[in-house]
Structures are given as structure tokens and as C-alpha cells.
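> Dropping the structure in here first, questions after.
2 protein chains.
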Amino acid sequence: MTASLTQSTELTGKMIIAGKAVQGSGTAVRGIDPSTGKTLEPAYNHGDLTDVDAAASAASAAFGDYRATTSETRAQFLDAIADNIAALGDTLIQRAVAESGLPVGRITGEVGRTTGQLRLFASVLREGSWNGARIDPALPDRAPLPRADIRQRKVALGPVAVFGASNFPLAFSVAGGDTASALAAGCPVIVKAHDAHPGTSELVGRAISDAVVSTGMPSGTFSLLYGSGRTLGTALVTDPRVKAVGFTGSRSGGTALVAAAAGRREPIPVYAEMSSINPVFVLDKALETRGADLGRAFVASLTLGSGQFCTNPGLVIAVDGAGLDSFVDAARVAVSETAPTTMLTPNIASSYAEGVDKLSKSATEVARGTETDAPNACRAALFVTDADTFLTSEVEQEEVFGASSLIVKCTDAQQVRDVASLLEGQLTATIHVDDDDHAEAGKLLSVLELKAGRILFDGWPTGVEVGHAMVHGGPFPATSNSATTSVGSLAIERFLRPVAYQDVPTALLPSAIADGNPDKIWRRIDGQLTQD
Amino acid sequence: MTASLTQSTELTGKMIIAGKAVQGSGTAVRGIDPSTGKTLEPAYNHGDLTDVDAAASAASAAFGDYRATTSETRAQFLDAIADNIAALGDTLIQRAVAESGLPVGRITGEVGRTTGQLRLFASVLREGSWNGARIDPALPDRAPLPRADIRQRKVALGPVAVFGASNFPLAFSVAGGDTASALAAGCPVIVKAHDAHPGTSELVGRAISDAVVSTGMPSGTFSLLYGSGRTLGTALVTDPRVKAVGFTGSRSGGTALVAAAAGRREPIPVYAEMSSINPVFVLDKALETRGADLGRAFVASLTLGSGQFCTNPGLVIAVDGAGLDSFVDAARVAVSETAPTTMLTPNIASSYAEGVDKLSKSATEVARGTETDAPNACRAALFVTDADTFLTSEVEQEEVFGASSLIVKCTDAQQVRDVASLLEGQLTATIHVDDDDHAEAGKLLSVLELKAGRILFDGWPTGVEVGHAMVHGGPFPATSNSATTSVGSLAIERFLRPVAYQDVPTALLPSAIADGNPDKIWRRIDGQLTQD
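Those protein sequences? They're chains A and B, same order as listed. First residue of the first sequence: 4, per this note's numbering; consecutive thereafter. First residue of the second sequence: 4, per this note's numbering; consecutive thereafter.
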């Protein structure tokens with residue numbers, strides 16, 4: 004019935020509910036090529052509450068069988084999704100480029116990152132530590148009371164709602180990190196596609212749906228819906244069968260979902276990645292020896308992808324002086340020579356223009372990128388302010404999504420640390436140093452460890468490696484839950500919870516915690532890690 | 004100044020703020036011996052917002068130095084607290100018995116559990132896996148882009164507010180599991196003592212405070228406040244310097260704290276252990292072969308400690324028939340022969356009486372314990388109902404804190420599973436089986452894995468082992484966060500979050516993720532566990 008969805012690359016404009024193509028009944032939306040402003044066919048009609056109910060019902064029905072699959076089975080499923088996405092080749096790349104205005108090179112890289120994420124979680128499943136297996140063997144002779152046999156493993160939470168992001172049409176969307184980690188954990192996934200790239204979403208959704216069929220997963224393991232965040236999105240988050248939510252987007256969108264989830268009869272976790280201005284600290288000796296070089300490199304990171312990254316460097320903090328002057332001068336030249344680039348959507352482009360406008364009323368403009376009449380263009384923007392003004396200005400501390408940044412001039416190293424300690428939570432914090440800056444960098448590092456999910460030295464925050472050690476997270480408002488990450492293998496833990504098994508008969512023990520370690524995984528026995 | 008606090012066992016009636024004895028200015032409360040109704044000296048005056056501010060300010064000031072201590076240093080601090088508590092000997096036991104009405108044997112055991120928990124977390128610190136150390140080494144030659152050096156470890160969240168529980172004056176109070184795990188993680192702790200046992204709280208608070216001094220921790224590492232939950236408690240949870248909350252208590256109390264924490268400018272996690280009725284499933288063959296024995300054993304668990312355990316078996320679910328009749332008959336006799344026992348506080352005793360009264364208007368009474376005129380007594384209560392009534396009755400599904408339980412008669416095994424699947428989240432679920440029940444037990448197990456934090460076979464849920472594999476948690480309303488546990492070594496994770504370090508200079512790397520593994524801990528390198 005659905006086995007040949009990807010054999011045709013013709014877009015249908017339909018949702019996918021448990022393997023079936025379903026025509027929406029609501030508002031018709033179309034992709035827009037932001038570089039021309041032209042709409043793209045076909046139309047995608049938004050779904051309604053009936054569709055949410057159907058997807059949630061199917062996910063709930065699939066959950067029992069899906070979570071009971073072995074790690075190896077789910078690993079093969081994830082690999083099959085990756086294969087199907089890779090097989091879409093140019094069809095996917097061209098559609099994603101058209102819907103996002105992003106260059107082919109960037110989209111090609113993002114396809115690789117997306118398939119790489121799926122394969123990473125396949126490897127996490129095969130390695131097995133995700134089970135969190137622990138065994139405290141019975142101590143029948145312990146006095147004054149014997150100890151029961153107690154074992155622990157992690158189980159999947161249940162169906163997960165994933166909200167596609169605007170700025171990563173692949174890596175943070177239909178088969179992005181949230182979907183990959185939730186599916187790995189054993190949770191069925193219902194994706195609400197982002198209206199900015201409906202065709203890309205359909206292609207990737209069909210790639211997943213085909214993998215569901217080819218690897219024999221229950222049909223309700225995956226659904227793809229189109230709809231508004233306010234109605235369909237809220238209905239998903241408040242559906243009692245949905246047990247967790249993954250979201251990448253704005254602070255207002257994220258906090259609204261958190262509130263909706265908290266207001267349920269059974270509150271559920273929302274993992275929202277929201278807002279970050281990603282401060283960059285440039286210390287004195289580094290400024291002195293290579294201020295101009297750093298200024299130019301900073302602008303390259305700032306303007307990459309029109310600055311439409313969650314980790315875009317929106318803030319530079321340094322002690323005022325000749326070194327910072329060199330940095331600012333070089334950055335001024337680089338920004339003023341920056342050609343305009345197309346932003347993802349008309350909404351994002353107009354929000355960016357408004358944000359820059361607001362900022363220009365508080366901070367001093369250093370430079371703007373070149374002008375243009377092209378639609379949805381991003382003109383880079385650089386401002387400067389002093390630390391006292393920054394600390395009392397809400398406008399200057401707010402994220403402007405796009406290639407806008409603010410340089411905060413401080414009087415001395417102590418004021419740099421004061422600014423750092425008063426910042427809200429961040430996804431990243433960056434420090435540029437020379438060897439002679441290490442003492443000061445150490446002090447700053449202990450402040451920033453409490454503020455950011457990732458701290459990097461002598462680099463730029465754009466570019467998030469997908470691996471085992473990555474943290475793409477951080478204290479509020481960077482995310483709604485700082486104990487987790489939305490990128491990297493640790494992300495699987497968001498969709499699991501521990502269960503203890505006490506004196507469970509051998510025949511009924513899950514294999515991860517069975518006698519003799521049949522899964523051959525790392526387990527903690529009486530507190531000690533072992534593969535025995 | 005504070006070094007000799009425990010050298011005198013004379014109670015002072017004062018709070019402890021960063022090592023200083025502070026006289027409260029608010030309402031005076033006194034412990035009450037519930038077995039006599041008599042008040043105990045001295046008076047403890049509630050603190051006010053000034054005291055919250057002083058404690059939070061001291062905790063915040065202490066945090067930087069405290070979290071920078073080594074694992075071994077914090078382990079010695081926890082061991083010293085355990086030593087100091089053990090050294091209190093009879094003074095502590097007598098005061099806790101007087102304030103709680105609990106028997107000496109129970110309190111003696113609870114002292115052992117409390118010191119055992121502290122020593123468990125000392126061992127967790129020494130073992131080192133709590134760091135969550137991960138290293139993805141640089142790949143300078145990777146194409147198309149080189150990989151940076153990325154490392155991950157966990158850092159402490161910040162000052163933690165802990166709310167003492169009424170029903171465990173030691174193990175879930177001033178130096179209980181929440182305090183032990185937060186201190187282990189590197190978080191200063193501010194405890195709000197429970198008004199039911201202020202003297203016990205002072206003794207234990209001084210034991211901690213002395214350990215702060217003797218092991219050289221910063222003075223703000225620990226404070227002990229007295230006050231009302233509504234005012235002082237809310238002020239603690241909403242203080243911007245407090246970064247997480249541990250709570251054991253009622254569903255209404257827990258959800259109020261969760262809401263207060265969510266309403267902050269920077270929302271913080273609240274780990275609230277709240278409400279559970281701990282269903283016990285007795286399968287057919289087990290009933291057939293030993294129904295009467297199980298009925299008697301059930302009543303022993305039900306009435307233990309006046310039923311004042313979070314894991315008290317408040318619900319029995321089984322298929323109706325001769326086996327269940329034997330169970331009910333034996334339980335009827337056992338309950339009716341149960342002598343009344345003193346409850347913890349007048350409030351708990353009157354709430355229990357009200358809960359039983361409400362339940363008696365919906366379900367059918369099977370038996371009550373013997374009558375008494377003693378103050379604050381718990382008369383055991385047993386009721387029976389049918390599954391259809393149970394599933395539509397909010398009253399029958401509500402927790403009655405105390406020795407009251409409800410037997411739900413089902414028509415068949417399918418209805419047993421239906422009831423299981425409609426239950427709210429639970430701390431525990433218990434299954435009694437014979438070998439011939441295994442097939443049915445397997446089906447039930449997969450339902451219960453999604454409902455409870457701990458599943459036990461052929462035992463009783465009261466009695467929570469403190470170890471590495473224990474989970475004392477579960478889906479809402481059992482707790483506010485099912486991904487964690489409040490008992491056992493995994494509890495440390497509640498107060499930590501991961502941070503990634505990218506290209507951090509060797510000299511500035513924390514030892515847990517430094518080259519050469521100086522801490523000699525388990526680390527995950529490129530995804531593989533190793534001690535190298």
C-alpha cells in the first residue's frame with residue numbers, strides 16, 4: 004500500500020498518518036522560494052484535530068510492539084531511514100534549496116549530517132549502554148534484613164511529538180535529531196512539519212514511512228502532519244497519548260508548548276531548544292596579537308547562512324582598548340563588504356529587519372552589509388555598546404535571529420566577568436585567548452560553565468559537531484531543560500526513564516538485565532561497570 | 004564559632020544559616036508527641052524572607068568554591084556527616100521517636116539508612132562515573148571538515164532547596180536522600196525543616212554544619228530553615244539563586260512547588276515525590292495455592308508504620324473467585340485484629356480519618372482495625388469494590404495516606420490489565436505469581452513498566468532498598484519527573500547537567516576530562532567506555 008512511496012518523487016501535498024497518505028482539510032500552504040518570493044507547488048492543506056487523533060491513536064497502538072523490538076532491529080530501521088534519505092539525492096537537495104534559499108553546499112552537508120545522526124543512533128543502540136542496565140544481586144544472608152534482587156533498565160516514554168524547525172529543513176526537522184533519538188529510544192514519533200519547507204518534509208516523511216514498511220515496524224511508528232502550531236501543535240502536545248515533545252524554535256513558541264504540557268492532567272516533558280545569543284569573549288592578549296584577524300573571522304561566522312543558526316555569535320564582549328579597536332575596525336570593513344543573502348522565510352526576514360531596527364535605537368551602529376532590493380534579504384548588522392548600557396537594556400540582551408551582532412565594551416576584566424555572570428542561559432560561549440590569557444580565561448571559564456551548554460576556545464560557535472561528547476543545550480532560555488542535549492548521542496536519554504525490577508522471575512526479565520548478559524552490554528553490577 | 008554545635012545535645016530552637024545559629028522571628032512551633040498529644044520543648048520560631056535571603060546569598064557565595072572541591076573532598080564531607088549523625092546515638096533516636104510516634108526499632112533503622120545513603124554517595128563520588136566524562140578527540144585530517152576536540156562532563160546546577168518530609172524524619176529530611184545527592188553533586192543545600200520534627204531536624208542540621216566546619220567546606224554549603232511551605236517554602240523555590248528543588252510530600256504540595264518554579268523568570272527543575280497507591284496484582288494460581296497466606300502478608304505490609312509509607316499497598320487487583328475469597332477472608336481477620344497505632348501528626352491522623360470516611364461512602368467496608376480512644380491513632384481499614392466502579396470513581400483512585408487499602412475485584416485477566424492500563428503513574432507495582440501465572444504476568448509486566456518506577460514480584464512494596472539499581476520514582480503523579488529517582492545512586496543526576504568543552508587548552512581542562520585520565524575514572528572515548 005505504501006511500499007512504493009519514494010519510488011515516485013512526485014510530491015502529493017498529503018500528510019502521512021501511520022503509512023497512509025491523508026489529504027488535509029484546512030488552510031492550504033505552499034513552500035515559498037525566498038530568493039524569488041515565488042510559491043512552489045503542490046499545496047499542503049493543514050490537518051485538523053481528527054488527524055491528530057488518528058496519528059496519536061496509531062502511535063499509541065504501535066508503541067507496545069515498537070518498544071519491544073530489539074536494539075538491533077531499531078538500528079536497522081534507523082539505517083534504512085538514512086539509506087532512503089540518501090537515495091533521494093538531488094530531488095531532496097533541489098527541493099530543500101528551493102524552499103529554504105540555502106545554498107546547495109549547505110543543504111548537501113545537512114543531508115549528510117541528517118543521515119549521520121540516524122547512523123549515530125543506530126550505533127548507540129548496538130553499543131547498548133543506553134539501557135542503563137544496573138544489577139544489585141540479592142543478598143539473602145544480609146543482616147538484619149536480606150536484600151532482594153534489584154535490577155534497573157531504561158524504558159521508552161511513549162509517543163513523542165516533534166516540531167520541525169525553520170532553520171534546518173533536514174537536520175532539525177522530519178528526520179532530524181529529535182526524531183532519530185526518539186525512534187532510537189523506542190518511541191513512535193509524530194512530526195508537525197514546519198510550513199516553511201512542506202515539500203522537503205514530505206520527501207523525508209516518505210523516506211521514514213518506507214523504512215517503517217521495509218523493516219517491519221508497526222505502521223503507527225511514524226506520522227507526519229501539517230498544521231498551525233497554535234491549533235494542531237497544541238492539540239498534539241495536549242493529547243494524553245503523547246508522552247514527550249521535541250521542539251526547536253523561538254522562545255515564545257517553546258515557552259507556550261512548555262506551558263501547554265504543564266497544564267495537562269499528566270504533565271509531560273518538553274525539550275525545547277529556544278533562544279541564545281552565544282557570547283564571544285575575546286581576551287586582551289588575543290586582541291593585542293590578532294585583533295584584526297579575529298574581527299574578520301568573527302564576521303565570517305556571523306554572516307554564515309544569513310546568521311540563521313541557534314549558535315550564531317550575537318554578542319562580543321571584550322575590554323576596550325587598541326586591540327578591540329583593531330577587532331572592530333576589521334569587523335566594520337568585513338560587514339560593510341558583506342553582500343546580502345536570502346533568509347529562510349518572509350517572516351524571518353521581516354522579524355530580522357524589525358530586530359535590527361529596535362537594536363539600532365539602543366546601541367550604536369558600527370556597520371551594515373550592502374543594500375539590496377532582493378526579496379527576503381538579510382543585510383548584516385553590527386552594533387557597539389558599553390557594558391553598563393548592555394546590562395540594563397532588555398533590547399540589547401534579546402536574540403535577533405539573523406546576521407546581527409553587538410559588541411560590548413568593558414572597562415576591565417572584572418567587568419567582563421560581571422557581564423558574563425549576568426547573562427541568561429546560552430547554548431554556547433566562546434573564549435579567544437593567547438597563552439598569556441590563560442589565568443583570566445580560567446576565571447571566566449568557571450563563570451561560563453554555569454551559563455552555557457558548550458564552551459569553546461579559539462573557534463566560532465556555528466558548526467555543531469554530531470558525536471558523543473557534544474552538548475547542544477544549556478540553561479533557560481537556551482533550552483527548557485538544561486540536563487539534556489538535542490544534538491549528540493546523549494540526546495536519547497530525553498525519551499527514556501529508569502524502571503527497577505525487584506525479584507522478577509528469570510523467565511520474565513528483559514534481556515538487558517537478564518542473567519548471563521545475553522545482550523553483551525556494559526552493565527553496572529553492585530555499582531561497578533562490567534561486560535560480564 | 005560553630006565548631007562545637009554537636010558537643011552539646013541541648014536543643015536551641017534556632018535555625019542554622021551558613022553555620023550561624025539564627026533565632027526565627029515568626030510563628031513558634033513545637034514538636035508534638037503524637038502518642039500523647041503533648042508538645043515538646045523548645046519552641047522553633049519560623050524564619051522569614053530575610054532568612055531565605057541570607058541562606059540563598061550564602062549558598063550562592065559558597066557554590067563556586069564548593070563545586071570546585073574534588074570528588075574525594077566531598078566524599079569525606081559526606082562521610083563526616085554520616086559519622087556525626089551516628090555519633091548522636093540515643094539523643095537523636097529518642098527525639099525522633101518522641102516527635103514521630105514511630106517505634107525505636109524503626110527510627111534506629113532509619114538512622115542506619117540515612118548514614119548509609121550518605122556513604123553510598125561518598126562511594127559514588129569516589130567511583131567517578133557521575134562526571135559523565137566523554138571525549139571525542141580532534142580529527143584534524145577529517146574531510147570535508149576537521150573535527151574539533153570535544154569533551155563532556157557534568158557540572159552542578161547550583162544551590163538546591165530541600166523540603167523535609169513528614170514520614171521519614173531522617174531518611175527523607177534534613178540529611179536525607181535529596182540532601183545527600185545534592186551535596187554529592189556539588190550543590191549547596193538549604194533545607195526547610197518539616198514542622199513535625201523540628202528537634203530531630205536541629206540535631207541533624209548541626210551534624211551537617213559541624214561537618215562543614217571540620218572538613219573545611221564553605222560556610223554557605225548548608226543552611227536549615229524553619230517556616231511555612233506557603234510563604235518561606237515558596238520564597239525559597241522562587242529565589243533566583245536557587246537552581247533546583249527536592250521535595251517529598253503531598254500531591255497538592257508538590258504541584259504547587261512545580262507551578263511556582265515554572266513561573267520563575269528562569270524556571271528550575273522540581274523533583275517532587277508525591278502520590279502513589281502502589282497496586283498489588285495477585286494472579287490466579289498464586290491466589291489458588293496461597294490466597295490466605297498472601298492476604299495475611301498483605302495486611303502486615305499495609306499496617307507497617309501505620310501505613311505511612313509512599314509505597315504503602317493501597318490497592319489490590321485480582322480476578323474474583325474462590326482464591327480471592329480466601330485472600331479477602333484472611334485479610335479481614337488480620338485487619339480486624341490489628342491494634343491501632345499512632346500516626347505521625349494530628350493533621351495526618353485527621354486526614355486519614357477523612358479519607359477512610361470518604362472511601363467508605365463509595366466502596367464496601369471489609370474490615371476495620373480495633374477501636375481506640377488514644378490520640379492520633381490509625382485504625383486500619385480495608386474495602387472492596389468492583390473494577391467498573393473503581394474505574395469511574397475518583398475517590399477510589401485517590402491515595403489515602405495511612406493503613407487503608409482497597410481490593411478491586413475483576414471479572415477476568417483482561418479486566419485486570421484494563422485496570423492496570425488506566426491507572427495513574429505509580430512509585431511501585433507488585434505482582435504475585437505462581438510458575439503457571441508467568442504468561443499472564445508477562446503481559447501485565449509490559450503494561451506496568453509504563454506505569455511504575457519499580458515493579459516487584461512476590462514481595463511487598465514497603466521497604467525501599469538504597470543501592471545502585473533502585474528506582475524510587477515513576478510517572479506523574481508519583482513524581483513530577485519520571486526520568487529520575489529520589490532513592491539510590493542514580494539520584495545524583497537530578498542535580499547535574501552536561502557541559503561540552505571544545506578545544507579547551509590543556510591547562511584549563513577539568514581533571515575529569517583531562518588528558519591521561521588523572522582521576523582514573525570510566526570515560527567514554529569516541530563512544531567506547533574505557534579507564535585509559
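We put the beta carbon where it would ideally sit given N, CA and C, even for glycine.
Please list the partners that S126(B) has in chain A, where partner means a Cβ-to-Cβ separation under 8 angstroms.
Residue 126(B) sits at position 123 when you count from the first residue of the second sequence. Correct list: G530.
> In chain order, which continuous runs of the beta strand (DSSP E) of length 3 or greater are located wholly inside the segment 435-517 of chain A?
Within the segment 435-517 of chain A, the complete beta strand (DSSP E) runs of at least 3 residues are 455-460, 499-505.
> Please check the pair E113(A) and F171(A), which I expect to be a contact at CB under 8 angstroms, by giving their CB distance rounded to whole angstroms.
By one-based count along the first sequence, residue 113(A) stands at place 110. By one-based count along the first sequence, residue 171(A) stands at place 168. So it is a contact: roughly 6 angstroms between Cβ atoms.
> Please look up how many angstroms separate the CB atoms of I271(B) and A247(B), rounded, as I've assumed it's under 8 angstroms.
Working through the second sequence from its first residue, we reach residue 271(B) at position 268. Working through the second sequence from its first residue, we reach residue 247(B) at position 244. About 6 angstroms; that satisfies the 8 angstroms criterion.
> With respect to the beta strand (DSSP E) encompassing R98(A), which residues constitute its N-terminal and C-terminal limits?
By one-based count along the first sequence, residue 98(A) stands at place 95. Element bounds for R98(A): not the beta strand (DSSP E) but the alpha helix (DSSP H), 92-103.
> Does the beta carbon of T395(B) come closer than 9 angstroms to any beta carbon on chain A?
If you number the second sequence from 1, residue 395(B) lands on position 392. No, T395(B) lies away from the interface with chain A (no Cβ there is under 9 angstroms from its Cβ).
> Please report how far the alpha carbon of E427(B) lies from the alpha carbon of L447(B), in whole angstroms.
Counted from its first residue, the second sequence places residue 427(B) at position 424. Counted from its first residue, the second sequence places residue 447(B) at position 444. Each residue's alpha carbon lies about 15 angstroms from the other.
> If you count every other CB in all the chains shown that lies within 10 Å of the CB of Q10(B), and 16 or more means buried, which is it?
Position 7 of the second sequence, counted from the first residue, corresponds to residue 10(B). Its pLDDT being 49, under 50, Q10(B) is placed unreliably in this model, and the coordinates cannot settle the point.
> What ranges does the alpha helix (DSSP H) occupy inside the segment 335-363 of chain B, keeping only unbroken runs of at least 4 residues that lie completely in it?
If we require 4 residues or more, the alpha helix (DSSP H) runs fully inside the segment 335-363 of chain B come out as 349-363.
> My guess is that V283(B) and P316(B) are in contact by the Cβ rule of under 8 angstroms, so how many angstroms apart are they, rounded?
As a first step, residue 283(B) is located in the second sequence; it is residue number 280 there, counting from the start. As a first step, residue 316(B) is located in the second sequence; it is residue number 313 there, counting from the start. That pair is a contact at about 5 angstroms.
> Using a C-beta to C-beta distance shorter than 8 angstroms, which residues of chain A count as neighbours of H471(B)?
Counted from its first residue, the second sequence places residue 471(B) at position 468. Near H471(B) (Cβ distances below 8 angstroms), the residues of chain A are R137, D139, Q155, R527, D529, G530.
> Would you list, in chain order, the members of the segment 227-253 of chain B that have their beta-carbon closer than 7 angstroms to a beta-carbon of chain A?
For the segment 227-253 of chain B, which is checked against every Cβ of chain A, not one residue is closer than 7 angstroms.
> Closer than 9 angstroms, CB to CB, is L426(A) near chain B or not?
Position 423 of the first sequence, counted from the start, is the residue given in the question as residue 426(A). Closer than 9 angstroms: no.
> DSSP puts T537(B) in a beta bridge; with which residues?
Outside the shown range of chain B, which is 4 to 535, sits residue 537(B), and nothing can be said about it.
> Between the segment 98-107 of chain B and the segment 435-443 of chain A, can you find at least three pairs of beta-carbon atoms closer than 8 angstroms?
Cβ pair count under 8 angstroms is below three, so no.
> For the 8 angstroms Cβ check, are there 3 or more pairs between the segment 376-387 of chain B and the segment 36-43 of chain B?
Yes: at least three Cβ pairs fall under 8 angstroms.
> Label S7(A) either buried or exposed according to how many other C-beta atoms from any shown protein chain fall within 10 Å of its C-beta, with 16 as the threshold for buried.
For this step, residue 7(A) is matched to residue 4 along the first sequence. Interpretation of S7(A) is limited by its pLDDT of 42, a score under 50 that renders its predicted location unreliable; the figure taken from the coordinates is listed afterwards. Flag for S7(A) reads exposed.
> For D461(B), return the contacting residues in chain A, with the cut-off set at a CB-CB distance below 8 angstroms.
Position 458 of the second sequence holds residue 461(B). Within chain A, the residues near D461(B) are D506.
> Compare the C-beta of E113(A) with all C-beta atoms of chain B and state if any pair is closer than 9 angstroms.
As a working note, residue 113(A) is residue 110 in the first sequence. No - not a single Cβ of chain B is within 9 angstroms of the one on E113(A).
> Could you tell me which chain A residues have their CB closer than 7 angstroms to the CB of R500(B), listed as they occur along the chain?
In the second sequence, residue 500(B) corresponds to position 497, counting from 1. By Cβ distance, chain A contributes S485, A486.
> Can you give me, in chain order, the residues of the segment 400-429 of chain B that have a beta carbon less than 8 angstroms from any beta carbon in chain A?
From the segment 400-429 of chain B, only E427, G428 have a Cβ closer than 8 angstroms to chain A.
> Is the CB of R293(A) under 9 angstroms away from at least one CB in chain B?
Residue numbering aside, residue 293(A) sits at position 290 when the first sequence is read from its first letter. No, R293(A) does not count as interfacial toward chain B.
> Alpha carbon to alpha carbon, what distance is there between L160(B) and E402(B)?
Walking along the second sequence from the start, residue 402(B) turns up at place 399. Walking along the second sequence from the start, residue 160(B) turns up at place 157. Distance between the alpha carbons of E402(B) and L160(B): 33 angstroms.
> Please state whether the Cβ-Cβ distance between G230(B) and G27(B) is less than 9 angstroms.
Translated into positions along the second sequence, residue 230(B) becomes position 227. Translated into positions along the second sequence, residue 27(B) becomes position 24. Contact flag set, yes.
> Closer than 9 angstroms, CB to CB, is H441(A) near chain B or not?
Position 438 of the first sequence, counted from the start, is the residue given in the question as residue 441(A). Yes, H441(A) counts as interfacial toward chain B.
> So L532(B) and L532(A) are supposed to be a Cβ contact under 8 angstroms. How far apart are they, rounded?
Here residue 532(B) is taken as the residue at index 529 of the second sequence, counted from 1. Here residue 532(A) is taken as the residue at index 529 of the first sequence, counted from 1. Contact flag correct, Cβ pair sits at about 7 angstroms.
> Can you list the alpha helix (DSSP H) stretches of 4 or more residues lying completely in the segment 179-242 of chain B, in chain order?
The qualifying runs are 180-188, 201-217, 237-241.
> May I have a chain-ordered list of the alpha helix (DSSP H) segments no shorter than 4 residues that lie completely inside the segment 269-317 of chain A?
Complete alpha helix (DSSP H) runs here, min 4: 287-306.
> Can you give the Cα-Cα distance for A517(B) and A136(B), rounded to whole angstroms?
As a position in the second sequence, residue 517(B) is number 514, starting the count at 1. As a position in the second sequence, residue 136(B) is number 133, starting the count at 1. When rounded, the distance between both Cα atoms is 10 angstroms.
> For A303(A) and A390(A), I'd like the C-alpha separation in whole angstroms.
Counted from its first residue, the first sequence places residue 303(A) at position 300. Counted from its first residue, the first sequence places residue 390(A) at position 387. Approximately 24 angstroms between the Cα atoms of the pair.
> Pairing CB atoms from the segment 51-62 of chain A with CB atoms from the segment 78-97 of chain A, are three or more of them under 8 angstroms?
In short, these stretches do not touch, since the Cβ pair count stays below three.
> Assuming A146(B) is part of the alpha helix (DSSP H), what are its boundary residues?
To locate residue 146(B), count along the second sequence from 1; it is residue 143. No alpha helix (DSSP H) holds A146(B); DSSP gives it neither H nor E.
> Can you confirm whether the segment 72-83 of chain A touches the segment 115-132 of chain B when touching is taken to mean that 3 or more C-beta pairs between the two stretches lie within less than 8 angstroms?
No: fewer than three Cβ pairs fall under 8 angstroms.
> Run down chain B in chain order and give the residues with a C-beta less than 9 angstroms from the C-beta of I458(A).
Here residue 458(A) is taken as the residue at index 455 of the first sequence, counted from 1. Residues of chain B passing the Cβ test: V502, A503, Y504, Q505, V507.
> Could you tell me the alpha carbon to alpha carbon distance between T5(A) and V216(A), rounded to whole angstroms?
For this step, residue 5(A) is matched to residue 2 along the first sequence. For this step, residue 216(A) is matched to residue 213 along the first sequence. Reliability fails at T5(A), whose pLDDT of 40 lies under 50, so the model's placement of it is uncertain and no value is given.
> Mind listing the chain B neighbours of S449(A)? Cutoff is C-beta to C-beta under 9 angstroms, in chain order.
Start at 1 with the first residue of the first sequence, and residue 449(A) comes out as number 446. The contacting residues are G67, R70, A71.
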